[in-house]
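*Asks:*
In my numbering, the protein residues as written are 85 to 504.
1) Expressed to the nearest angstrom, what Euclidean distance is found between the alpha-carbon atoms of residue 417 and residue 429?
2) Buried or exposed, going by whether 16 or more other CB atoms sit within 10 Å of the CB of residue 271?
3) Count the other C-beta atoms from every protein chain shown that fall within 10 angstroms of the C-beta of residue 424, then say buried if there are 16 or more, exposed otherwise.
4) So, do the stretch 225 to 235 and the stretch 195 to 215 have three or more beta carbon pairs nearer to each other than 8 Å?
5) Helix or strand or just coil, what does DSSP make of residue 226?
6) Cα separation between residue 357 and residue 346?
7) Is residue 225 near residue 327, with beta carbons less than 8 Å apart?
8) Roughly how many angstroms lie between the CA atoms of residue 130 and residue 157, to the nearest whole one?
9) Once you ignore the five residues that flank residue 348 on each side, which residues in its own chain have a CB closer than 6 Å to its CB?
10) Once you ignore the five residues that flank residue 451 on each side, which residues in its own chain have a CB closer than 7 Å to its CB?
11) Based on Cα-Cα distance, which residue from 164, 151, 329 and 181 lies nearest to residue 123?
12) Can you grab the Cα-Cα spacing for the pair residue 374 / residue 243, in whole Å?
13) Taking the beta strand (DSSP E) that residue 181 falls in, what are its first and last residues?
14) Nearest by alpha-carbon distance to residue 370: which of 385, 133 and 364 is it?
15) Output the distance between the C-alpha atoms of residue 311 and residue 289, rounded to the nearest integer angstrom.
16) Go ahead and label residue 250 buried or exposed: buried means 16 or more other beta carbons lie within 10 angstroms of its beta carbon, across all protein chains shown.
17) Does DSSP put residue 145 in a helix, a strand or coil?
18) Please name the residue or residues paired with residue 190 in a DSSP beta bridge.
19) Within its chain, find whatever has a CB closer than 6 Å to the CB of residue 145; leave out the 5 residues flanking it on each side and keep chain order.
20) Where DSSP assigns a beta bridge to residue 464, which residues make up the other side?
21) Would you mind reading off the limits of the alpha helix (DSSP H) that contains residue 273?
22) Put residue 166 into one of helix, strand or coil per three-state DSSP.
23) Suppose contacts are defined by Cβ-Cβ distances below 8 Å. Is residue 472 in contact with residue 291 by that definition?
24) Using 8 Å for Cβ pairs, my map puts residue 390 next to residue 396. What's the rounded Cβ distance?
25) Does DSSP put residue 124 in a helix, a strand or coil?
26) Let me check one thing: in DSSP terms, what residues is residue 404 bridge-paired to?
27) Cα-Cα, which of 298, 441 and 383 is closest to residue 341?
28) Quick one: what does DSSP say residue 302 is sitting in, helix, strand or coil?
29) Between the stretch 477 to 486 and the stretch 277 to 284, are three or more C-beta pairs nearer than 8 Å?
30) May I ask you to list the residues that DSSP assigns as paired with residue 286?
31) Assuming residue 134 and residue 154 are in contact, meaning their beta carbons sit under 8 Å apart, how far apart are those beta carbons, in whole angstroms?
32) Can you check which of these residues, 162, 149 and 209, is closest to residue 170 by C-alpha distance?
33) Around the C-beta of residue 276, are 16 or more other C-beta atoms found within 10 angstroms, so that it is buried, or is it exposed?
34) So, using beta-carbon positions, are residue 436 and residue 343 closer together than 8 Å?
35) Exposed or buried, residue 287, counting other C-beta atoms within 10 Å across all chains shown (16 or more means buried)?
36) Do residue 266 and residue 248 come within 8 Å of each other at the CB atom, strictly closer than that value?
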């Protein structure tokens, strides 16, 4: 069958051959509603109509660059061999058709190279406005009056079940906060980290002990209340996730933990003063941490990160870690006005959750969304919390693997970027 390049319709070709599509990412099978049913070749793009009526446009250069046959990439670990600068800008197919399994097969001119793309993979990577909107991260915001689901997971059981592990990560993805029970006093932090990653080594070690110390190094070592904050906001890459393990609560029943949704705070700030959001996302300030003769951390970083649609995707709120800011003169007073608004909301009791952690309970939270703090307690009460960090990329990797393994919605592969 001949194919005219231009605004023409190309009939479906029946073809029983479904070659290996290369990387596992390309093997996704389309569901009946998202199976491609019609193909049209245009000058620089092709159009696919799907079983559910959706239409996708794919540029030829995008498709050729995405080929993952053994000649164009390395199926075992996903790297490309294609040299983009050697591909002609006016690249066109000699022919294209839809196979019986719903895959797109393209033979490229002038060299006759054949590329195959599964229908499921194409739909997952469709870059139409509606599909990009569907894939957007939509967290469920919360506050003290509308609290997140904090029903507890039994940590030993979660470690033995992919389905439970998925449920934990799904809740963390949605709310930024998960609570466990029955964490081992000795290895609870390590066991929680192993659900989706590995512990980060810092100047405080892999697992640090939070208890009253004769010589305090941070707020955490004091019995006084600790303000709500992002942990280690002074680092270039702040920890993605925090593990807080209650080994021993304070004997006086005090020292309750505080949690607050930073995304909800920023939603309210946008309602009050949109220019404050723009300023906090644009102008860097100084976050610092000093241990004389040991550590002197200083970061010029932004308090907020916005996604391409302008929504807040990460917060870095350590007001107690902020040094005098180095700003343009005209930004200084507006910046302090914005900080005052933020500080007032962070201190609002109606926005926070207050929870006294019992022995063996463990909290896993998104450090670039959920602020945490602590009420005061009697320093002689023996309160002991263990603390560890896990990086965000480990969460992303495990989340995608579990989505693929358990067959959950492909849109959930698109997760939050953090404060990079």
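From the three backbone atoms N, C-alpha and C, an ideal C-beta is built for every residue, glycine too. What you are looking at is a predicted structure, and each value in this text was computed from that prediction instead of being measured.
*Replies:* With the structure as the only source:
1) When rounded, the distance between both Cα atoms is 19 Å.
2) Residue 271 comes out exposed.
3) It is exposed - the Cβ of residue 424 has fewer than 16 other Cβ atoms within 10 Å.
4) These segments do not touch.
5) Coil at residue 226, not helix or strand.
6) When only Cα atoms are considered, residue 357 and residue 346 end up about 16 Å apart.
7) Cβ distance not < 8 Å, so residue 225 and residue 327 don't count as in contact.
8) Rounded to the nearest whole angstrom, the CA to CA distance from residue 130 to residue 157 is 23 Å.
9) Hits under 6 Å: 225 and 227.
10) Closer than 7 Å at Cβ, skipping near neighbours: 314, 315, 322, 323, 324, 325 and 326.
11) It is 181 whose Cα lies nearest to the Cα of residue 123.
12) The alpha-carbon separation between residue 374 and residue 243 amounts to approximately 37 Å.
13) Note, residue 181: beta strand (DSSP E), 176 to 182.
14) Of the residues 385, 133 and 364, the one whose Cα lies closest to the Cα of residue 370 is 385.
15) The alpha-carbon atoms of residue 311 and residue 289 are separated by roughly 23 Å.
16) Residue 250 should be labelled buried.
17) Collapsing the DSSP output to three states places residue 145 in a helix.
18) According to DSSP, residue 190 bridges with 180 and 199.
19) Take residue 145, set aside five residues on each side of it, and the residues of its chain with a beta-carbon closer than 6 Å to its own are 175, in chain order.
20) Answer is none; residue 464 lacks a bridge partner.
21) Note, residue 273: alpha helix (DSSP H), 272 to 277.
22) If DSSP states are grouped into helix, strand and coil, residue 166 belongs with coil.
23) The answer is yes: Cβ separation under 8 Å.
24) Confirmed, about 6 Å.
25) In the structure shown, the three-state DSSP call for residue 124 is strand.
26) Residue 404 pairs with nothing; no bridge assigned.
27) Selected option, being the one with the closest Cα: 441.
28) DSSP places residue 302 in coil when its eight states are reduced to three.
29) With a cut-off of 8 Å, the stretch 277 to 284 and the stretch 477 to 486 count as touching, because enough Cβ pairs lie within range.
30) DSSP, once it has assigned bridges, lists 289 as partnering residue 286.
31) In fact, because the Cβ distance is near 28 Å, the residues do not count as touching under 8 Å.
32) Nearest Cα to residue 170 within the set 162, 149 and 209: 149.
33) It counts as buried.
34) Cβ atoms of residue 436 and residue 343: closer than 8 Å.
35) Within 10 angstroms of the beta-carbon of residue 287 lie fewer than 16 other beta-carbons, which makes it exposed.
36) Not a contact, by the Cβ cut-off of 8 Å.
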